[in-house]
Amino acid sequence: MKTHLLPVSRLFLLAACAGLGFTSSAQAQSSGVPQPVSVQQVADFTYVVRASNPHLERSEMKLVRLSDNKVLYRDVNFKPSSGRKLNVKELNDGQYAFVVRVGKDIHRYTLDIHTTVQRSTRLGSVSMTAMAANQ
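Its first residue numbered 108, the sequence shown is counted upward by one per residue in the working numbering.
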């Protein structure tokens, strides 16, 4: 299912990012009780945001850039459950938040996007005769 977004959020759906502030699943912690809202990482830079709305109240999902509180993605509905797959690869480095409101309850999951430089090493081979000649 493809989601139609605000013009700016088209970039958001095609995007994803390195160094995100989530583990593979972020949910409010309570033992054995189903959670009304969850955010789960399903691939590199891709998250599924889900909301359960059994009382058919107004439900709203947003992605907000925290530096200026700009809403990059927004979806409002009254369905008993909803979910969106969001790819954040193309977003600039910075602080973001998934904000999900179901009725009067608000759930907020922060997302830290930052670019990292990966270091690597490579071991070359040196012959023993070359080493002996240098001593």
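Built from N, CA and C at the ideal position, the CB exists for glycine as well.
Source: prediction; values computed, not measured.
- Per DSSP, reduced to three states, the secondary structure at Glu197 is coil, with no helix or strand assignment.
- Take the alpha-carbon of Tyr203 and the one of Gly231: they are about 43 Å apart.
- Under the criterion of beta carbons closer than 8 Å, Val178 and Lys192 do not qualify as touching, at roughly 18 Å.
- The distance from the Cβ of Val146 to that of Tyr154 is about 6 Å, consistent with a contact at the 8 Å cut-off.
- In summary, His214 is buried, with 16 or more beta-carbon neighbours lying within 10 Å of its beta-carbon over all protein chains present.
- Around the Cβ of Arg172, a 10 Å sphere holds 16 or more other Cβ atoms; the residue is buried.
- The distance from the Cβ of Ser166 to that of Val209 is about 5 Å, consistent with a contact at the 8 Å cut-off.
- Residue range Lys177 to Asn184 is occupied by the beta strand (DSSP E) that includes Leu179.
- A straight-line Cα-Cα distance of about 16 Å links Val206 and Glu164.
- The Cβ neighbour count for Asn199, taken over all protein chains shown within 10 Å, is under 16; the residue is labelled exposed.
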